[in-house]
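Chemist:
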Amino acid sequence: MAIEHILLARPRGFCAGVERAILIVKEALARFGAPVYVRHEIVHNRRVVDELREEGAVFVPEIDDVPDGAVVIFS
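This note's numbering numbers the first residue of the sequence shown as 186 and each following residue consecutively.
#1: CA-CA distance, ASP250 and PRO196?
#2: Along the chain, where does the alpha helix (DSSP H) containing ILE227 start, and where does it finish?
#3: Closer than 8 Å by C-beta to LEU192: which residues in its own chain qualify, once you throw out the five before and the five after it? Chain order, please.
#4: For a quick check, are the C-beta atoms of SER260 and ILE227 less than 7 Å apart?
#5: Report yes if the CB atom of VAL261 is closer than 7 Å to the CB atom of LEU237, and no otherwise.
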């Protein structure tokens, strides 16, 4: 069987939930300023996580890693 055509799907972007999570972090940074703590990385995409870190998001594994009085987003 010979293969005549190979079709590659273009990247389709993120699902609605991931887009919303990114938007929430960005809105929190705009509203409260950096740092904004986020429990767990919100997306399995290193580029996006690194960009959010550069903007002031701090991803933590546990709530105990968040200083008292800090803004926290639960992922």
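All C-beta atoms in this analysis are idealised placements derived from N, C-alpha and C, irrespective of residue type, glycine included.
Modeler: Taking the definition as stated:
#1: The straight-line gap from Cα to Cα measures roughly 35 Å.
#2: Counting along the chain, ILE227 sits inside no alpha helix (DSSP H), nor does DSSP assign it H or E at all.
#3: The answer is none, since no qualifying residue turns up.
#4: ILE227 sits close to SER260, with the two beta carbons spaced by under 7 Å.
#5: Absent from the structure is residue 261, since the part of the chain shown begins at 186 and ends at 260.
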